[in-house]
Amino acid sequence: MTTASPRRAIDLVLSPAPAPARAGGISLTVLRIVAGLWLAHVWWKVPPDFGEARRTGLWFWTHLAVDHPVFPPYSWLVEHVVLPNFTPFGWLVLVVETLLPVLLLTGTAVRLAALIGIGQSLAIGMSVAQAPNEWPWAYAMMLGIHLVLLLAPSAQYAAVDAIRAARRDGEPAPIARRLLGGWGLLLALVAIVAAVKSLGDPFVAPRGSGVGYPPLQLFLGDYNMLAALVLLIVAGLMLAAAAVRIRALAVTSAAIAALAALSIYVQLGRGEVWLGGNPSTAAVFVCAAVIAVGARPLRVSS
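For the sequence shown, the UniProt record's numbering assigns the number 1 to the initial residue and increments by one for each residue that follows.
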């Protein structure tokens, strides 16, 4: 027994045979979730002008396509079409870069998300790959990751798509409850961390405390105490729905999360944000809403 496990591990690494299906599915799930951390880079796409007035933020990075051309026709398009219509373009980027991580992290319509990711990787690469201190191969790897997600089964675990598949081929309720409960625990943890970091700040501070790990540029949004409380309520409703199998609780959590995200989008750049959040905060609430809506049914069909 003591030698069998190391031998199996060596065989797995060195054998030309494919890895076990379960291990492959879990690995692809991890890859999908890592790719979904696009969420970390939504926070600085701030409406309504997206940095145009101060020549910072999204405007600055978009203008690099003109200052440091990668593909001249694309640079011409940016200079003569995108920059003169920058505000609509900024909203498009915000929508795309919110939709992409939400779909990947929740495992919803993953192939659609992968197509979006391929397009976005190309656009970003053609904008900044020749800029100072950029590494062009990073964008080639981003393309490769999304190509794998497009063609390989990366939504077998921890995914709304797994529930959708089970509705056709099996019993979706246990999968739905696990997904709903797992996200409930994760969101509760984020809410508790946000609440602890907000201790001593005003209850509705216009800019909340950040949750994440800055050394790895991992940001899950800013939260004041009110936002932490709202997120904790959403998480509690999700956990309760998974435990008692009452669909109405999940729907309620989805509604609260959607309203929280909407309030952030409406208030960004126009004054104080009640929840002290940014676009990444809103994306977390959107993820909660998608999971709460997609995790159904919660009861085994008779």
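Heads up, the beta-carbon is just placed ideally off N, CA and C, and yes, glycines get one too.
Among T56, G107, L58, A21, which has the Cα closest to the Cα of A288? G107
Relative to the C-alpha of A191, which residue among G182, Y157, E171, L231 is closest? L231
Ignoring anything shorter than 3 residues or poking outside the stretch 165–227, list the beta strand (DSSP E) runs there in chain order. 209–213, 218–223
Would you mind working out which of R270, E171, L31, A9 sits nearest L147, comparing C-alpha positions? L31
Residue closest to L103, alpha-carbon to alpha-carbon, out of A228, G144, G36: G36
Hey, how far is the Cα of R111 from the Cα of P206? 37 Å
Residue ranges of each alpha helix (DSSP H) run of no fewer than 4 residues wholly in the stretch 41–71, ordered along the chain? 57–67
Short Cβ contact (8 Å threshold) for I264 with I233: no
Residue range of the alpha helix (DSSP H) that includes A289: 279–294
Taking the C-alpha atoms as reference points, what is the distance between G221 and A194? 9 Å
Quick check: the Cα distance between P72 and P279, rounded to an integer number of angstroms? 31 Å
Can the beta-carbon of M142 be found closer than 8 Å to that of S121? yes
By alpha-carbon positions, which one of P48, A158, D49 ends up nearest to S27? A158
E79 (DSSP reduced to helix, strand or coil): helix
Can you check whether the CB of L249 is closer than 8 Å to the CB of A235? no
Going by Cα to Cα distance, which pick from V34, W38, V66, R296 is closest to L179? R296
Own chain partners of A261 with C-beta closer than 6 Å, once the 5 adjacent residues on each side are dropped: A282, F285, V286
Taking a contact to mean a Cβ-Cβ separation below 8 Å, would you say L226 touches L275 in this structure? yes
Do M238 and G294 count as a contact pair if the criterion is CB distance below 8 Å? no
Could you compute how far the alpha carbon of L94 sits from the alpha carbon of G24? 32 Å
For V13, which three-state DSSP category applies? helix
Cα-Cα separation, P6 to L14: 12 Å
Under three-state DSSP, which class holds Y157? coil
On the three-state DSSP scale, how would you describe I145? helix
Is it right to say S224 is buried, meaning 16 or more other beta carbons lie within 10 angstroms of its own, or is it exposed? Checking the sequence shown, residue 224 turns out to be Asn, not Ser. N224 is buried by the Cβ-count criterion.
Is V300 helix, strand or coil when you go by DSSP? coil
Identify whether W137 lies in helix, strand or coil by the three-state DSSP scheme. helix
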